[in-house]
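**Student:**
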Amino acid sequence: IGIRVESLAHLGGVMVAAIDLASVRGEMSHALIISTLRRLLARALLLGTIYALICLGVVRPITRLASAIRRSNAGGQYKPPLDMPPNEIGALADTFGETWTKFTDSLRTNKMLALVANGTQAGVLIADETGRIVWSNAGFVALTGFERSEIEGRTADEILASYARPIGAVKALSESLRRAESCNIEM
18 IGIRVESLAH LGGVMVAAID LASVRGEMSH ALIISTLRRL LARALLLGTI YALICLGVVR
78 PITRLASAIR RSNAGGQYKP PLDMPPNEIG ALADTFGETW TKFTDSLRTN KMLALVANGT
138 QAGVLIADET GRIVWSNAGF VALTGFERSE IEGRTADEIL ASYARPIGAV KALSESLRRA
198 ESCNIEM
């Protein structure tokens, strides 16, 4: 039992209160337990809601996008998922679709150009920005007698200098390669 004495001066008296602390403690413990359980439940619901939002808004769309990309690698055609959200993930899907279309168009063009370059009797060399040969057609191999493995990775200067032809022609071809200009020379 708890006893409390309090002055009631304005009434001209004193108040004495006797309180059964056991019942108060029980009520307070019960209220504390209920409050703690409510807080835990609210946190669990909040975490569950956040998890669901992340799954629905981020993880699931990214998973669908990744599946569409994998299918495009296998079948050659990219079909974006129809239900992509109108956010960054949806924009990423659209951008990938545009890039994929440009890439496949470029591949088609390159295949056609390769057919033309391989089908001509003229010798064709393609060099990178440093002047090293990265590709040659069958016409160049037939005209010069060089094998592709002998010329790829070398510069046109190195190849043409070892080929017994007039120095002026070699110099003109080398200059046109350096300037990235077309050049026709009869040797």
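Residue numbers for the sequence shown follow my numbering, beginning at 18 and rising by one.
Each residue gets a CB set at the ideal place from its N, CA and C atoms; glycine is no exception.
Since the model is a prediction, treat every value here as computed from it, not as a measurement.
1. Between residue 141 and residue 133, what straight-line distance do the alpha-carbon atoms span, to the nearest angstrom?
2. Within 10 angstroms of its Cβ, does residue 16 collect 16 or more other Cβ (buried), or is it exposed?
3. Could you tell me which residues DSSP pairs with residue 172 in its beta bridges?
4. Suppose you measure from the CA of residue 78 to the CA of residue 60; what does that come to, to the nearest Å?
5. Do residue 22 and residue 31 have their beta-carbon atoms positioned less than 8 Å apart in this structure?
6. In angstroms with no decimal places, state the Cα-to-Cα distance between residue 50 and residue 70.
7. On the three-pair Cβ rule with 8 Å, is the stretch 144 to 153 touching the stretch 119 to 128?
8. At the level of alpha carbons, what is the spacing between residue 205 and residue 154?
9. For residue 74, which of 46, 105 and 63 has the nearest alpha-carbon?
10. Looking only at its chain, what residues have a beta carbon closer than 7 Å to the beta carbon of residue 135, apart from the 5 residues adjacent to it on each side?
11. Measure how close the beta-carbons of residue 97 and residue 83 come, nearest whole angstrom, since I'm counting them as under 8 Å.
12. Taking residue 23 as part of the beta strand (DSSP E), name the residues at either end of that continuous run.
13. Please state the DSSP three-state secondary structure of residue 63.
14. How would you write the range of the beta strand (DSSP E) that residue 32 sits in, first residue to last?
15. Just list the alpha helix (DSSP H) runs in the stretch 118 to 166, keeping only unbroken ones of 4 residues or longer that don't cross its boundaries, in chain order.
16. Helix, strand or coil for residue 68, going by three-state DSSP, please let me know.
17. Between residue 164 and residue 114, what straight-line distance do the alpha-carbon atoms span, to the nearest angstrom?
**Tutor:** So, from the listed chains and residues:
1. Taking the straight line joining both Cα atoms gives about 10 Å.
2. Because residue 16 is not part of the residues shown, which for the chain are 18 to 204, the question remains open.
3. According to DSSP, residue 172 bridges with 149.
4. In a straight line, the C-alpha of residue 78 is about 26 Å away from that of residue 60.
5. Yes.
6. Their backbone Cα atoms lie some 30 Å apart in a straight line.
7. Counting Cβ pairs under 8 Å, fewer than three are found: no touch.
8. Given a span of 18 to 204 for the chain in the structure shown, any question on residue 205 remains unanswerable.
9. Among 46, 105 and 63, the Cα nearest to that of residue 74 belongs to 105.
10. Counting only Cβ-Cβ distances below 7 Å, and skipping sequence neighbours, we find 154 and 155.
11. Rounded, the Cβ-Cβ distance is 12 Å, inconsistent with contact.
12. Bounds of the beta strand (DSSP E) holding residue 23 are 19 to 25.
13. Three-state result, residue 63: helix.
14. Element bounds for residue 32: 30 to 36.
15. Those alpha helix (DSSP H) runs which fall completely within the stretch 118 to 166 and span 4+ residues are 155 to 161.
16. The three-state secondary structure of residue 68, taken from DSSP, is helix.
17. Going by the C-alpha atoms only, they are around 40 Å apart.
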